[in-house]
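Report on the following structure.
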Amino acid sequence: MSAHSVNWFRFASPASFPPLARALVPWFAIPSALLAAAGLYLGLIVAPADAQQGEVYRIIFIHVAAAWMSMFIYMVMAFWSAVSLMFNARLAAMMAQALAPTGALFTFIALWTGSLWGKPAWGTYWAWDARMTSELILLFLYFGYLALRNAIADARRADRACSVLVLVGVVNIPVIYFSVQWWNTLHQGATVSLTAAPRMAAIMLTAMLLMTLAAWLYTIAISLVRVQAIVLERERSVSWTGPAEASQ
Amino acid sequence: MSEAALHPPAIDDSAWRGVSWALARDLRLALRSKSELAVQLLFYVIVVTLFPLGIGPEPGLLRTLGPGALWVAALLASLLALPRLFASDFADGTLEQIALSPHPLPALVLGKILAHWLATGAPLVVLSPLLGMQFGLEGEETKLVVIGLVLGTPTLSLLGAIGAALTLGVRGGGALLALLILPLYVPVLIFGAGAVDTLRGGIAPTGELSMLTAALLAAIVGAPFACAAAVRIALD
Amino acid sequence: MSLGDFFAMGGKAFYVWGAYGVTALLIIVEVLAVSARVRNARGAAESGGGSR
Numbered sequence: 131m132s133a134h135s136v137n138w139f140r141f142a143s144p145a146s147f148p149p150l151a152r153a154l155v156p157w158f159a160i161p162s163a164l165l166a167a168a169g170l171y172l173g174l175i176v177a178p179a180d181a182q183q184g185e186v187y188r189i190i191f192i193h194v195a196a197a198w199m200s201m202f203i204y205m206v207m208a209f210w211s212a213v214s215l216m217f218n219a220r221l222a223a224m225m226a227q228a229l230a231p232t233g234a235l236f237t238f239i240a241l242w243t244g245s246l247w248g249k250p251a252w253g254t255y256w257a258w259d260a261r262m263t264s265e266l267i268l269l270f271l272y273f274g275y276l277a278l279r280n281a282i283a284d285a286r287r288a289d290r291a292c293s294v295l296v297l298v299g300v301v302n303i304p305v306i307y308f309s310v311q312w313w314n315t316l317h318q319g320a321t322v323s324l325t326a327a328p329r330m331a332a333i334m335l336t337a338m339l340l341m342t343l344a345a346w347l348y349t350i351a352i353s354l355v356r357v358q359a360i361v362l363e364r365e366r367s368v369s370w371t372g373p374a375e376a377s378q
Numbered sequence: 004m005s006e007a008a009l010h011p012p013a014i015d016d017s018a019w020r021g022v023s024w025a026l027a028r029d030l031r032l033a034l035r036s037k038s039e040l041a042v043q044l045l046f047y048v049i050v051v052t053l054f055p056l057g058i059g060p061e062p063g064l065l066r067t068l069g070p071g072a073l074w075v076a077a078l079l080a081s082l083l084a085l086p087r088l089f090a091s092d093f094a095d096g097t098l099e100q101i102a103l104s105p106h107p108l109p110a111l112v113l114g115k116i117l118a119h120w121l122a123t124g125a126p127l128v129v130l131s132p133l134l135g136m137q138f139g140l141e142g143e144e145t146k147l148v149v150i151g152l153v154l155g156t157p158t159l160s161l162l163g164a165i166g167a168a169l170t171l172g173v174r175g176g177g178a179l180l181a182l183l184i185l186p187l188y189v190p191v192l193i194f195g196a197g198a199v200d201t202l203r204g205g206i207a208p209t210g211e212l213s214m215l216t217a218a219l220l221a222a223i224v225g226a227p228f229a230c231a232a233a234v235r236i237a238l239d
Numbered sequence: 056m057s058l059g060d061f062f063a064m065g066g067k068a069f070y071v072w073g074a075y076g077v078t079a080l081l082i083i084v085e086v087l088a089v090s091a092r093v094r095n096a097r098g099a100a101e102s103g104g105g106s107r
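Residue numbers (the working numbering), protein chains in the order written: chain A, 131 to 378; chain B, 4 to 239; chain C, 56 to 107.
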């Protein structure tokens with residue numbers, strides 16, 4: 131701290147970040163939409179029906195993208211949380227906060243689509259197979275993060291508490307997944323994994339890849355928008371209560 | 004402490020002293036409120052009793068259900084007891100004093116968790132053979148449940164402590180704590196209850212017990228640090 | 056595939072379109088909600104007077 135007055139906004143975020151984020155959004159949003167259109171075209175129209183599952187396998191194009199993103203987003207949240215704790219970087223914590231709702235959304239979509247695929251393909255909406263059960267627990271982890279974030283009034287404490295929570299979660303995810311697998315085989319549960327894809331023609335793989343990439347770019351775009359809102363909301367609440375609130 | 008000035012303690016020395024100090028203190032405090040502990044134990048008993056009431060008294064079904072029910076009840080009882088780990092110290096400012104002490108905070112936290120387990124987890128384990136009889140469990144199966152709980156309940160206390168520290172003074176405490184911690188409890192539950200199923204399948208449950216042991220060791224090593232970090236966050 | 060076949064999805068229209076439909080709906084809701092949120096935040100920042 132030197133003699134000149136401190137622009138305390140710099141502690142919250144580089145003042146230039148929201149405009150930067152805003153400028154970046156179209157670079158992710160538009161390619162995402164294009165890739166999604168291409169993926170949907172390939173998946174719904176061009177790809178042939180599957181020999182065993184007929185048309186209903188087409189759900190896979192969303193299910194796999196969503197499941198993949200649900201895991202990946204949590205990893206990215208963990209990364210930003212680690213950065214925020216190590217360098218006391220608030221913007222990193224805000225990125226994690228911005229990603230969480232989208233992560234939860236994709237997790238829900240994975241569960242929803244998996245369930246709707248399971249019924250016609252394997253006869254039941256919910257089969258307690260390892261992957262879906264782990265996905266369900268992941269949804270609880272996301273909800274826990276959002277709930278903790280919501281419950282703690284002070285933004286700085288919430289940042290740090292949620293960062294610890296995500297890191298504890300990310301360490302436990304492999305353990306949880308492994309234990310659920312064990313549990314599943316122990317009880318001779320559904321031997322069919324609900325994400326066991328039909329034998330993939332190249333065109334199906336391409337469609338899946340396109341949808342996954344589209345989801346990834348969408349996530350970046352929507353998070354960049356959400357983080358702008360978060361930064362602005364925090365700046366506003368600080369400006370109401372005055373500089374003293376922002377003192378670290 | 005002049006002792007510390009004369010002989011700056013080695014890190015291990017200070018850590019061990021921290022653990023034993025916190026352990027002794029918290030045990031002393033816990034023994035002062037024996038009725039509170041008794042109530043928590045009763046909670047465990049009641050929850051266990053709910054399962055047969057909900058599912059019916061058919062012996063075969065109860066036998067199948069027994070280990071799972073005992074474990075789930077143990078999880079819930081552990082959750083119920085967790086807030087007392089930090090809440091009263093937090094409320095009257097003692098926690099802040101504890102954090103300022105020369106002993107490493109993770110060591111102090113470990114001592115507190117150990118005391119907490121001895122006061123709330125261990126009695127639960129002692130009671131489970133008796134409760135197991137409600138489900139027709141006996142002999143090897145009961146032994147396995149007890150061993151599993153001995154390994155598992157400290158892990159639950161260690162993991163739960165992180166959640167308790169994160170939610171200190173936060174509104175919606177109890178339910179929020181459950182939401183945060185129960186996913187982390189799942190592996191302990193799976194291996195603990197699963198061990199009995201493996202035994203029933205005619206295989207020695209060494210795999211499950213190894214997993215429980217590994218989880219306990221990992222928790223002993225990792226949880227105090229995560230928990231101490233969470234305590235500091237709550238205190239700032 | 057004819058348009059009719061496309062919508063029928065081999066008789067499993069409920070499942071396929073239930074999956075795609077809800078997904079599309081949720082994404083749209085998310086986009087709208089986040090857009091509204093950032094618009095509000097920008098509006099409040101300008102009028103409420105963050106000191107910049």
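All C-beta atoms in this analysis are idealised placements derived from N, C-alpha and C, irrespective of residue type, glycine included.
Bear in mind that the values here come from a model prediction, so they are computed numbers and not experimental data.
Q.
Using 8 Å for Cβ pairs, my map puts Tyr171 (chain A) next to Asp180 (chain A). What's the rounded Cβ distance?
A. Counting from one through the first sequence, the residue named residue 171 (chain A) turns up at place 41. Counting from one through the first sequence, the residue named residue 180 (chain A) turns up at place 50. Actually they do not touch by this definition, with Cβ atoms about 18 Å apart.
Q) Among the residues of its own chain, which have a CB less than 7 Å from the CB of Lys115 (chain B), if the five just before and after it don't count? A) Counted from its first residue, the second sequence places residue 115 (chain B) at position 112. Short of 7 Å from the beta carbon of Lys115 (chain B), and not among the five residues preceding or following it, lie these beta carbons of its own chain, in chain order: Ala25, Asp29 and Leu88.
Q: Kindly list the residues whose CB is nearer than 8 Å to the CB of Ala320 (chain A), restricted to its own chain and excluding five residues on each side of it in sequence; keep chain order.
A: Locating residue 320 (chain A) in the first sequence gives position 190, counting from the first residue. Confidence at Ala320 (chain A) is low in this model, with a pLDDT of 48, below 50, so the placement of that residue should be treated as unreliable; the coordinate-derived value is given next. Excluding sequence neighbours, Ala320 (chain A) sits near Trp252, Ala257, Trp258, Asp259 and Asn314.
Q.
Strictly under 8 Å for the Cβ-Cβ distance: is Asn302 (chain A) near chain B by that measure?
A. Counting from one through the first sequence, the residue named residue 302 (chain A) turns up at place 172. Taking CB atoms only, Asn302 (chain A) has a neighbour in chain B less than 8 Å away.
Q: Could you spell out where the alpha helix (DSSP H) holding Gln183 (chain A) opens and where it closes?
A: Numbered from 1 along the first sequence, position 53 holds the residue referred to as residue 183 (chain A). Taken as a continuous stretch (DSSP letters only), Gln183 (chain A) belongs to no alpha helix (DSSP H), as it is neither H nor E.
Q. Touching or not, the region 70-79 of chain C and the region 237-247 of chain A, by the rule of three or more beta carbon pairs under 8 Å?
A. With a cut-off of 8 Å, the region 237-247 of chain A and the region 70-79 of chain C count as touching, because enough Cβ pairs lie within range.
Q. Asp200 (chain B) lies in the alpha helix (DSSP H); which residues open and close that run?
A. Position 197 of the second sequence, counting from 1, holds the residue named residue 200 (chain B). Per DSSP, Asp200 (chain B) belongs to the alpha helix (DSSP H) from Gly176 to Arg203.
**Q.** Min CB distance Val213 (chain A) to chain B below 8 Å
**A.** Within the first sequence, residue 213 (chain A) is the residue found at index 83, counting from 1. So no, Val213 (chain A) is outside the interface.
Q. Any contact of the region 213-226 of chain A with the region 351-364 of chain A, i.e. 3+ C-beta pairs under 8 Å?
A. A contact exists between the region 213-226 of chain A and the region 351-364 of chain A.
Q) Are any of the Cβ atoms in chain A nearer than 8 Å to that of Arg20 (chain B)? A) As a first step, residue 20 (chain B) must be located in the second sequence, where it is residue number 17. Not an interface residue.
Q. Hey, Trp312 (chain A) and Ile193 (chain B) are a contact pair by Cβ (cut 8 Å); roughly how many whole angstroms apart?
A. Residue mapping note: residue 312 (chain A) aligns to position 182 of the first sequence, counting from 1. Residue mapping note: residue 193 (chain B) aligns to position 190 of the second sequence, counting from 1. About 6 Å; that satisfies the 8 Å criterion.
(Q) Let's see if you can read the secondary structure: which residues bound the alpha helix (DSSP H) around Met224 (chain A)? (A) What you label residue 224 (chain A) is simply residue 94 of the first sequence in a count that begins at 1. Residues Arg220 to Trp252.
Q. Using a C-beta to C-beta distance shorter than 8 Å, which residues of chain A count as neighbours of Leu81 (chain C)?
A. As a first step, residue 81 (chain C) is located in the third sequence; it is residue number 26 there, counting from the start. Under the 8 Å cutoff, chain A gives Leu235, Phe238 and Ile239.
Q: Taking Leu174 (chain A) as the reference, give the member of A:Ile350, A:Ala337 and A:Leu347 with the closest Cα.
A: As a position in the first sequence, residue 174 (chain A) is number 44, starting the count at 1. Ranking A:Ile350, A:Ala337 and A:Leu347 by Cα distance to Leu174 (chain A) puts A:Ala337 first.
**Q.** Same chain only: Cβ atoms within 6 Å of Ser214 (chain A), ignoring 5 sequence neighbours per side
**A.** The count along the first sequence starts at 1 and reaches residue 214 (chain A) at position 84. Closer than 6 Å at the Cβ level, and outside the excluded window around Ser214 (chain A), lie Ala222, Ala223 and Ser293.
Q: Determine the DSSP secondary structure at Phe89 (chain B), reduced to helix, strand or coil.
A: Along the second sequence, one-based indexing puts residue 89 (chain B) at 86. Here Phe89 (chain B) sits in coil by DSSP.
Q) Does the distance from the C-beta atom of Ala222 (chain B) to that of Leu162 (chain B) stay below 8 Å? A) The residue given as residue 222 (chain B) occupies position 219 in the second sequence. The residue given as residue 162 (chain B) occupies position 159 in the second sequence. For the pair Ala222 (chain B) and Leu162 (chain B), the CB atoms are nearer than the 8 Å cut-off.
Q: Could you say if the region 67-85 of chain B and the region 132-144 of chain B meet the contact criterion of at least three C-beta pairs nearer than 8 Å?
A: Yes, the region 67-85 of chain B is in contact with the region 132-144 of chain B.
(Q) Give me the residue from B:Leu32, B:Leu187, B:Ala168 and B:Leu73 with the minimum Cα distance to Thr52 (chain B). (A) Reading the second sequence from its first residue, position 49 is the one you call residue 52 (chain B). Distance from the Cα of Thr52 (chain B) is smallest, within the candidate group B:Leu32, B:Leu187, B:Ala168 and B:Leu73, for B:Leu73.
Q | Under 7 Å by beta carbon: chain A residues contacting Arg174 (chain B) | A | Sequence index remark: in the second sequence, residue 174 (chain B) carries index 171 (1-based). Annotation: Cβ neighbours of Arg174 (chain B) in chain A (cutoff 7 Å, chain order): Ala281.
Q. Near Leu271 (chain A), which residues of its chain fall below 6 Å by C-beta distance, leaving aside the five closest residues on each side in sequence?
A. By one-based count along the first sequence, residue 271 (chain A) stands at place 141. Excluding positions up to five away in sequence, the list reads Gly299.
(Q) Quick check: the Cα distance between Ala80 (chain B) and Trp120 (chain B), rounded to an integer number of angstroms? (A) Locating residue 80 (chain B) in the second sequence gives position 77, where the first residue counts as 1. Locating residue 120 (chain B) in the second sequence gives position 117, where the first residue counts as 1. For Ala80 (chain B) and Trp120 (chain B), the gap between their C-alpha atoms comes out near 11 Å.
Q) Hey, how far is the Cα of Thr156 (chain B) from the Cα of Leu134 (chain B)? A) Taking the first residue of the second sequence as position 1, residue 156 (chain B) is located at position 153. Taking the first residue of the second sequence as position 1, residue 134 (chain B) is located at position 131. Each residue's alpha carbon lies about 16 Å from the other.
Q | Coarse secondary structure for Leu113 (chain B), derived from DSSP in three states | A | What you label residue 113 (chain B) is simply residue 110 of the second sequence in a count that begins at 1. Taken through DSSP and simplified to helix, strand or coil, Leu113 (chain B) comes out as helix.
Q: Identify whether Pro60 (chain B) lies in helix, strand or coil by the three-state DSSP scheme.
A: The count along the second sequence starts at 1 and reaches residue 60 (chain B) at position 57. It is coil, neither helix nor strand.
**Q.** Segment limits, alpha helix (DSSP H) that includes Ile203 (chain A)
**A.** In the first sequence, the residue the question calls residue 203 (chain A) occupies position 73. Run containing Ile203 (chain A): Ile190 to Phe217, per the alpha helix (DSSP H) assignment.
Q: State the DSSP-derived secondary structure class of Thr321 (chain A), mapped to helix, strand or coil.
A: As a position in the first sequence, residue 321 (chain A) is number 191, starting the count at 1. Here the model assigns Thr321 (chain A) a pLDDT of 49, short of 50, so the residue's position is not dependable and the matter cannot be decided.
**Q.** Cβ contact (3+ pairs, closer than 8 Å) linking the region 46-60 of chain B and the region 163-182 of chain B
**A.** The region 46-60 of chain B makes no contact with the region 163-182 of chain B; the number of CB pairs closer than 8 Å stays below 3.
**Q.** Which of helix, strand or coil DSSP assigns to Pro227 (chain B)
**A.** By 1-based counting over the second sequence, the position of residue 227 (chain B) is 224. Pro227 (chain B): helix per DSSP, three-state reduction.
Q) Are there 16 or more other CB atoms within 10 angstroms of the CB of Leu269 (chain A), so buried, or fewer, so exposed? A) Taking the first residue of the first sequence as position 1, residue 269 (chain A) is located at position 139. So Leu269 (chain A) ends up on the buried side.
(Q) Once DSSP output is grouped into helix, strand and coil, what is the label at Trp256 (chain A)? (A) Here residue 256 (chain A) refers to the residue found at position 126 of the first sequence. The answer is coil: DSSP assigns Trp256 (chain A) none of H, G, I, E or B.
Q.
Tell me which residues share the same chain as Glu265 (chain A) and place their Cβ nearer than 8 Å to its Cβ, disregarding the 5 neighbours each side in the sequence.
A. Here residue 265 (chain A) refers to the residue found at position 135 when the first sequence is read from its first residue. Counting only Cβ-Cβ distances below 8 Å, and skipping sequence neighbours, we find Ala197, Ser200, Thr237, Ala240, Leu241 and Gly244.
Q: Determine contact between the region 205-224 of chain B and the region 184-192 of chain B, defined as no fewer than three beta-carbon pairs at a distance below 8 Å.
A: A contact exists between the region 205-224 of chain B and the region 184-192 of chain B.
(Q) Within 10 Å of its beta-carbon, does Ile333 (chain A) have 16 or more other beta-carbons around it, so buried, or fewer, so exposed? (A) Taking the first sequence and counting its residues from 1, the one referred to as residue 333 (chain A) is at position 203. The residue in question, Ile333 (chain A), is exposed, as its Cβ has fewer than 16 Cβ neighbours within 10 Å.
Q. According to DSSP, is Ile206 (chain B) helix, strand or coil?
A. In the second sequence, the residue the question calls residue 206 (chain B) occupies position 203. Residue state for Ile206 (chain B) is assigned as coil, using DSSP reduced to three classes.
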